[in-house]
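To start, the structure itself, in structure tokens.
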Amino acid sequence: MKMSADLPVQADDELPARYTKETRATKISLVLPPDTNHHGTMFGGKLMAYIDDVATISATRLARHPVVTASTDSVDFLKPVKQGNSVCVESYVTWSGKTSMEVFVKVTTEDLLTGDRAICTMAFLTFVALDEQGHPTRVPRIIPETPQEIELYETAPERMAARRERRAKQLELVANLGVKRHWEY
Ligand SMILES: CC(C)(COP(=O)(O)OP(=O)(O)OC[C@H]1O[C@@H](n2cnc3c(N)ncnc32)[C@H](O)[C@@H]1OP(=O)(O)O)[C@@H](O)C(=O)NCCC(=O)NCCS
Numbered sequence: 007m008k009m010s011a012d013l014p015v016q017a018d019d020e021l022p023a024r025y026t027k028e029t030r031a032t033k034i035s036l037v038l039p040p041d042t043n044h045h046g047t048m049f050g051g052k053l054m055a056y057i058d059d060v061a062t063i064s065a066t067r068l069a070r071h072p073v074v075t076a077s078t079d080s081v082d083f084l085k086p087v088k089q090g091n092s093v094c095v096e097s098y099v100t101w102s103g104k105t106s107m108e109v110f111v112k113v114t115t116e117d118l119l120t121g122d123r124a125i126c127t128m129a130f131l132t133f134v135a136l137d138e139q140g141h142p143t144r145v146p147r148i149i150p151e152t153p154q155e156i157e158l159y160e161t162a163p164e165r166m167a168a169r170r171e172r173r174a175k176q177l178e179l180v181a182n183l184g185v186k187r188h189w190e191y
């Protein structure tokens, strides 16, 4: 993949592109009792909130506009995060469209007594940048540099196409669902 040494300017709207590394965000926390369930492992919902927080920072670093989460791809919890261990949530923008951005998040846990680490989960989230009126607004192009950044950049359009298809099907389903509560039928 050919990369220019200079920051290219997006042809149509003059937004200067940003390097992927400029969008990196990290949060490392010690897992304490308020964050854990009765198994002594971190609540899935709490971890998802961390993922959304950190990914929001990455997306906002690219857009330099307020952003909203448009979607989160499936989040599979591969390993539990145990009380007393640390949890590290890392993210960066992999790709940007017209107004949307894909953010990759990797979550690792560390046993602080042994130093053993494991990947707990990973996720792709899509954010949309908003202007002052709350309408989607243009975002800069992203310039990947490392082999992992380049791989995720090059494979992003395929993931975006799958999301568009899923969204279209969901909108079709929603159109037929109605807003009645179950006891109102
Ligand atoms: C996300 C949202 C702003 C999209 O607005 P919209 O008027 O439907 O805008 P569009 O259909 O033009 O889509 C705008 C962009 O978002 C993308 N997009 C919209 N919904 C998406 C989804 N579910 N998954 C992936 N991308 C999505 C579109 O592909 C488009 O991308 P592009 O501009 O890069 O080509 C709107 O649906 C919304 O406000 N949703 C609620 C968000 C929210 O409350 N999040 C939780 C709290 S932060």
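Just so you know, we're using the numbering used here here: the sequence shown kicks off at 7 and counts up by one.
The C-beta atom is built at its ideal place from N, Cα and C for all residues, glycine as well.
Just so it is clear, the structure is predicted and the values come from calculations on it, not from any experiment.
Any residue with its Cβ nearer than 5 Å to a heavy atom of ligand 1 should be included. What is that list in chain order? Residues close to ligand 1 by the beta carbon criterion (under 5 Å to any non-hydrogen atom) are, from first to last along the chain, Val74, Thr75, Ala76, Ser77, Gly103, Lys104, Thr105, Ser106, Thr132, Val134, Pro142, Arg169 and Arg173.
Pairwise C-alpha distance: Glu20 and Asn43: Here the alpha carbon of Asn43 sits roughly 49 Å from the alpha carbon of Glu20.
CA-CA distance, Glu96 and Thr32? Glu96 and Thr32: Cα-Cα distance of roughly 4 Å.
Option in Ala55, Thr115 and Ser102 with minimal Cα separation from Thr143: The candidate whose alpha carbon is nearest that of Thr143 is Ser102.
Looking at Val73 and ligand 3, is the gap between the Cβ and the nearest heavy atom below 8 Å? The ligand content of the structure shown is limited to ligand 1, which means ligand 3 is not among them.
Euclidean distance between Cα positions of Thr114 and Ile149: Between Thr114 and Ile149, the alpha-carbon positions lie close to 25 Å from each other.
Would you call the region 160-176 and the region 24-41 touching, i.e. three or more CB-CB distances under 8 Å? Contact fails: fewer than three Cβ-Cβ distances are below 8 Å.
Please report the residue range of the beta strand (DSSP E) in which Met128 lies. In the DSSP assignment, Met128 falls within the unbroken beta strand (DSSP E) covering Arg123 to Ala135.
In whole angstroms, what separates the C-alpha of Gln16 from that of Thr152? Below a pLDDT of 50, predicted positions are generally treated as unreliable, and Gln16, at 49, falls in that range; no measurement from the model is reported.
Touching by the beta-carbon criterion (3+ pairs, under 8 Å), the region 125-134 and the region 71-78: Under the three-pair Cβ rule at 8 Å, the region 125-134 counts as touching the region 71-78.
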